[in-house]
Amino acid sequence: MRILLVVQGKGGGPKTATARNVAVAAAVAGLRVGTLDTDPQGSLTFWQGQRPGDAVAIAHEHRVLSAIDRAPTPDGLDLLVIDTPTAVEFFPVPTAILFDAADLVLVPVRPGPEDLVSMQGMMPYLRGRRRPMRLLLSLVQPRLRETADAREIAGGMGTLAPVEIPQLQEVPRSFTAGLGTAEIAGTRTGPLFRDLWAYLANEMGI
939 MRILLVVQGK GGGPKTATAR NVAVAAAVAG LRVGTLDTDP QGSLTFWQGQ
989 RPGDAVAIAH EHRVLSAIDR APTPDGLDLL VIDTPTAVEF FPVPTAILFD
1039 AADLVLVPVR PGPEDLVSMQ GMMPYLRGRR RPMRLLLSLV QPRLRETADA
1089 REIAGGMGTL APVEIPQLQE VPRSFTAGLG TAEIAGTRTG PLFRDLWAYL
1139 ANEMGI
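According to the numbering used here, the sequence shown is numbered sequentially starting from 939.
Following this line, the structure appears as structure tokens:
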């Protein structure tokens, strides 16, 4: 089993949207996938409860970060995607457990000066965990100057995933439907999340 840990430094960003859509893309690709929601807000857990009965199966557990006392080892999975709360550095022991268990850490980054400053502040902590890490530009508006600036700044902080997720309403709409865009025909982000998963799978050796 491989573990993908999704973290971000600032609230209100695309962390949970990234976690659920990557999980769906992997499940659509034929993997046995589970999600672990460690955020007390439980957004990923809410989404899981909305999933239609005929949707591709994704196992799920909600266990808040402060309650993590051992590495997750669910049976029968190829991939576990872990969603975290913001400011994981304030929970050093359980966060260290999750980082040590992770095969790859994925960090969604939203373009904009506040998010980039927050990300720069968090990078020393992330680098200190010494785990393979990839940054993902998300909620982008491709033609804006801020997107180009964010691409350059984020690229200087770490390895950027070769896929960017645009800001489109189909992503939040899929949340309320309990779906990922990779399982909805005709979406623009569905193929992008499938491409993102293909890249991450290769990076993790799946």
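Just so it is clear, CB atoms sit at the ideal spot from N, CA and C, and this is done for glycine as well.
Whose C-alpha, out of the options, is nearest the C-alpha of residue i?
i: residue 996; options: 957, 1080, 1036; result: 957
i: residue 1048; options: 1061, 1074, 1042; result: 1074
i: residue 1092; options: 1134, 1031, 1067, 1053; result: 1053
i: residue 1057; options: 939, 985, 941, 945; result: 945
i: residue 976; options: 1020, 993, 961; result: 1020
i: residue 962; options: 1140, 1135, 1077; result: 1135
i: residue 1138; options: 1070, 1009, 1096, 1120; result: 1070
i: residue 1118; options: 978, 986, 974; result: 986
i: residue 993; options: 1112, 999, 1081; result: 1112
i: residue 947; options: 1096, 1055, 1129; result: 1055
CA-CA distance, residue i and residue j?
i: residue 1114; j: residue 954; result: 13 Å
i: residue 1101; j: residue 1133; result: 7 Å
i: residue 1025; j: residue 1041; result: 20 Å
i: residue 952; j: residue 1044; result: 11 Å
i: residue 1087; j: residue 1014; result: 42 Å
i: residue 1039; j: residue 1110; result: 30 Å
i: residue 969; j: residue 1035; result: 24 Å
i: residue 1027; j: residue 1060; result: 8 Å
i: residue 973; j: residue 1090; result: 31 Å
i: residue 999; j: residue 1046; result: 22 Å
i: residue 1143; j: residue 1051; result: 34 Å
i: residue 1094; j: residue 1063; result: 16 Å
i: residue 940; j: residue 1066; result: 21 Å
i: residue 943; j: residue 1081; result: 30 Å
i: residue 971; j: residue 959; result: 12 Å
i: residue 982; j: residue 1116; result: 10 Å
i: residue 1103; j: residue 1076; result: 5 Å
For residue i, count neighbouring C-beta atoms within 10 Å of its own C-beta (all shown protein chains included) and say buried if the count is 16 or more, exposed if not.
i: residue 1068; result: exposed
i: residue 1011; result: exposed
i: residue 1022; result: buried
i: residue 1004; result: exposed
i: residue 1017; result: buried
i: residue 1140; result: exposed
i: residue 1030; result: exposed
i: residue 964; result: buried
i: residue 989; result: buried
i: residue 978; result: exposed
i: residue 1120; result: buried
Taking DSSP's pairing of strands, which residues face residue i in a bridge?
i: residue 1077; result: Answer is none; residue 1077 lacks a bridge partner.
i: residue 1071; result: 1043
i: residue 973; result: 998, 1019
i: residue 1103; result: 1076
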